[in-house]
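Listed in order, the protein sequences are those of chains A and B. When we follow our numbering, the leftmost residue of the first sequence carries the number 113, and every step to the right adds one. When we follow our numbering, the leftmost residue of the second sequence carries the number 3, and every step to the right adds one. Ideal Cβ positions, reconstructed from N, Cα and C, are used throughout, including at glycine. Keep in mind the model is a prediction, meaning the values are calculated, not measured. The structure under discussion appears below in the form of structure tokens.
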Amino acid sequence: MVKFRISIRGRTYTVEITRAQGESFDVKIKNKLLQVKIGKTADEASLGERKMFEPSASLKAVERVKRAITQTTHAVESHISPLRASDVIKAPLPGNLLEVKVNVGERVKKGDVVAIIVSMKMQNKVLAHRDGVVKEIRASPSSFINKGDILVLLNHED
Amino acid sequence: MYSQGDCSALHVFLSDESYCIGSDPAQFSYLNIEKIIKTAKKAEAEAIYPGYGFLSQNAEFVKQCEENGIVFIGPPSRVHLLVGNKVNAKRCAEDVGIPVLPGSPPIDSVEKVVEEADKLGYPVIIKPVLGGGGIGLRICKNREDVVDSFQGASRLANGAFARSEIYLEKCVEKPRHIEVQILADSKFNVIHLGERECTVQRRFQKLVEEAPSPIIDEKTRENIGYAAIRLARYTGYVNAGTIEFLYSPLNDRLYFLEVNSRVQVEHPTTEAITGIDIVKEQIRIAAGESLPYDQEDIHFHGHAIECRIYAENPAIDFTPSPGTIAAYIEPGGPGIRIDSCVYPGYSLSPFYDPLIAKLISWGRTRSEAIDRARRALDEFIIGGVDTNKSLYQAIFNDKVFLEGELNTSFIKDRCIVKHAARLKSQERKWTVSNMPQALVNVKVEIDGKIFTVTSVNPYLAKQTSFIHQKARPWSLAGRLEAMS
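Written as structure tokens, this is what we have:
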């Protein structure tokens with residue numbers, strides 16, 4: 113139904129959404145049929161194998177497709193190599209992301225401010241929970257984010 | 003009027019007609035002048051009540067109302083232009099002989115801000131020229147502070163009030179914050195309703211507001227009251243307003259701070275001690291009626307204290323706690339008033355203020371008002387989000403607060419946040435599932451037969467006896483004293 117290519121750690125994967133219904137998508141990757149359930153937050157998306165194949169429903173809003181793609185990417189990524197909790201810096205509260213204070217490749221120390229979220233008219237600092245190197249920035253400034261959304265990924269610890 | 007996210011807000015349900023004026027971020031809805039005016043015309047509204055915050059002090063908005071034949075319930079645009087600009091307001095205060103603090107003209111560049119700060123001498127305070135409510139204020143101890151603070155302050159001012167100019171003022175150390183409520187009709191009658199004290203603050207946000215102030219005697223009250231009236235007359239003030247002063251304990255003097263050309267969050271304390279409904283008077287004045295009171299008709303009775311109950315956690319650096327209110331039971335009893343907008347199931351949006359409720363307690367004396375506030379706080383059940391209730395419990399347990407020896411660094415000096423965090427950790431978390439049910443069905447076996455008996459929830463009964471055992475003096479104070 114919708115085919116797209118996603119790139120994870122330099123490798124490209126072809127992913128096909130074969131069915132979409134409500135918050136649930138069937139995703140074909142490397143001839144394996146998986147079910148993605150879209151959660152409110154990126155890491156709530158879960159992957160499970162589907163045995164049934166149902167006729168496809170149409171995807172309506174662009175917004176939903178976008179969300180499906182991002183979340184599928186994240187879900188597929190966790191399927192290939194699950195995220196470790198210690199590598200993830202999540203939003204501690206919902207709000208508007210004012211700025212991400214770090215860049216990819218930058219070294220951060222425990223307690224460094226990595227992002228600022230404006231919630232209830234207060235600027236709230238999001239701190240790094242450990243030392244590390246920023247691998248990826250998952251959220252873009254001036255977008256609304258939910259509690260638990262992944263903001264920044266750190267490299268695995270050695 | 004409501005934003006998309008506010009479609010489940012209480013005011014939407016209570017009003018006969020309601021109109022959505024845009025998406026959640028305030029700049030697209032509650033700060034969108036064009037949309038609001040358009041909506042008001044569509045609704046054929048005679049008048050707009052602006053409340054506090056958002057556009058309540060925005061001269062451009064008031065002007066738009068005037069040009070479109072909509073009554074703005076508040077001062078006219080010329081007053082907002084004059085006193086809404088704090089630098090102008092200071093000049094007016096000087097003209098009528100009210101002492102002011104040394105300060106700078108409006109500033110819009112980093113170079114200028116450093117130059118002016120050096121001239122004034124440190125510490126200085128950075129303030130946005132427009133807007134009130136302590137937003138964007140920063141104390142700077144040296145030149146580096148000034149540079150650091152300048153951008154943040156102008157960005158915040160811009161976000162909150164859609165204007166970014168700032169100015170500097172000499173910083174008073176450990177001041178007290180005193181403000182005078184005034185009412186002025188369109189026929190040049192002006193009265194004052196006494197003062198309020200809002201010294202207990204955190205990061206320039208008022209926490210406890212009380213009326214009258216424990217340090218203002220009758221003579222001083224009359225003096226600052228008439229100073230406020232003079233300023234109101236001089237500026238051609240109409241409607242309700244507040245003249246704010248800073249009290250410096252060093253030289254026992256009151257300095258003019260700013261004019262708040264709107265009703266204030268803490269106005270219920272004045273209502274409690276004067277018996278005057280300020281919002282009602284605002285509407286009457288806007289309708290062109292004369293004040294029904296002369297200054298001689300205003301009498302002060304007792305003492306009132308207001309707590310602002312916010313969805314924020316004092317145990318983790320006051321992190322906001324947006325989310326859904328799971329449980330909500332308001333306290334009551336003599337002298338207790340709650341102004342709130344929430345209900346169980348209501349969701350507090352991350353886009354707006356964390357204010358859940360205002361708790362106003364009145365007593366014949368300050369200590370009775372405090373006792374009643376303590377009891378009301380104990381009985382105030384809010385579940386689902388974190389609240390700052392424990393902060394007030396900590397304040398009302400503090401010896402220095404009880405003595406009324408306040409200054410703006412009271413919260414820091416008395417380690418109130420630490421005490422609040424401790425109280426917070428002992429707080430019970432209320433959720434839908436643990437709300438006590440009054441009656442429960444219990445199965446009992448009698449002579450081998452099973453019966454279902456409806457009984458008073460034994461858990462509740464246990465709770466009641468628990469309260470009796472550990473009853474604190476103030477749980478009873480509010481009532482016992484009134485009986486004697």
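Determine whether the Cβ of residue i lies closer than 8 Å to any Cβ atom of chain A.
| i | result |
| --- | --- |
| residue 354 of chain B | yes |
| residue 321 of chain B | yes |
| residue 324 of chain B | yes |
| residue 7 of chain B | no |
| residue 11 of chain B | no |
What separation, rounded to the nearest whole angstrom, lies between the Cα atoms of residue i and residue j?
| i | j | result |
| --- | --- | --- |
| residue 182 of chain A | residue 348 of chain B | 30 Å |
| residue 136 of chain A | residue 148 of chain A | 6 Å |
| residue 513 of chain B | residue 315 of chain B | Here chain B has residues from 3 to 486 only, and residue 513 of chain B is not among them. |
| residue 1 of chain B | residue 244 of chain B | Missing from the structure shown is residue 1 of chain B; chain B here goes from 3 to 486 and no further. |
| residue 52 of chain B | residue 89 of chain B | 24 Å |
| residue 237 of chain B | residue 32 of chain B | 28 Å |
| residue 269 of chain B | residue 202 of chain A | 40 Å |
| residue 301 of chain B | residue 276 of chain B | 6 Å |
| residue 256 of chain B | residue 403 of chain B | 21 Å |
| residue 338 of chain B | residue 8 of chain B | 28 Å |
| residue 237 of chain A | residue 442 of chain B | 46 Å |
| residue 422 of chain B | residue 450 of chain B | 53 Å |
| residue 250 of chain B | residue 233 of chain A | 30 Å |
| residue 213 of chain A | residue 205 of chain A | 17 Å |
| residue 13 of chain B | residue 240 of chain A | 40 Å |
| residue 21 of chain B | residue 287 of chain B | 26 Å |
| residue 128 of chain B | residue 248 of chain B | 16 Å |
| residue 68 of chain B | residue 353 of chain B | 29 Å |
| residue 201 of chain B | residue 81 of chain B | 27 Å |
| residue 188 of chain A | residue 141 of chain A | 9 Å |
| residue 36 of chain B | residue 47 of chain B | 15 Å |
| residue 333 of chain B | residue 279 of chain B | 22 Å |
| residue 395 of chain B | residue 355 of chain B | 22 Å |
| residue 212 of chain B | residue 271 of chain B | 6 Å |
| residue 325 of chain B | residue 208 of chain A | 15 Å |
| residue 179 of chain B | residue 433 of chain B | 38 Å |
| residue 194 of chain B | residue 220 of chain B | 13 Å |
Residues bridged to residue i by DSSP?
| i | result |
| --- | --- |
| residue 364 of chain B | B:306 |
| residue 207 of chain B | B:204 |
| residue 50 of chain B | B:74 |
| residue 192 of chain B | B:186 |
| residue 117 of chain A | A:126 |
| residue 384 of chain B | B:330 |
| residue 198 of chain B | B:181 |
| residue 244 of chain B | B:183, B:262 |
| residue 238 of chain A | A:227 |
| residue 322 of chain B | B:314 |
Does chain B have any CB closer than 8 Å to the CB of residue i?
| i | result |
| --- | --- |
| residue 253 of chain A | no |
| residue 233 of chain A | yes |
| residue 267 of chain A | no |
| residue 215 of chain A | no |
| residue 143 of chain A | no |
When every heavy atom of the ligand COA is checked, does at least one fall within less than 7 Å of the C-beta of residue i?
| i | result |
| --- | --- |
| residue 153 of chain B | Ligands displayed in this structure: none; no statement on the ligand COA is therefore possible. |
Let me see if you follow: with CB-CB separation under 8 Å, is residue i close to chain D or not?
| i | result |
| --- | --- |
| residue 253 of chain A | Reference to chain D is not applicable here, since the protein chains of this structure are A and B. |
For the 8 Å Cβ check, are there 3 or more pairs between the segment 224–242 of chain B and the segment 59–69 of chain B?
no
Interface positions of the segment 191–212 of chain A facing chain B (Cβ-Cβ less than 9 Å), listed along the chain
204, 205, 206, 207, 208
Would you call the segment 353–365 of chain B in contact with the segment 296–316 of chain B, where contact means no fewer than 3 C-beta pairs closer than 8 Å?
Three or more pairs of CB atoms, one per stretch, sit closer than 8 Å, so the segment 353–365 of chain B contacts the segment 296–316 of chain B.
Okay, do the segment 403–411 of chain B and the segment 374–390 of chain B touch, 3+ Cβ pairs below 8 Å being the bar?
Touching, no, given that fewer than three Cβ pairs across the two stretches are closer than 8 Å.
Are the segment 418–436 of chain B and the segment 173–190 of chain B in contact at 8 Å, needing three or more beta carbon pairs?
Short answer: they don't touch.
Touching or not, the segment 216–224 of chain A and the segment 250–263 of chain A, by the rule of three or more beta carbon pairs under 8 Å?
Because the criterion of three Cβ pairs below 8 Å is not met, the segment 216–224 of chain A and the segment 250–263 of chain A do not touch.
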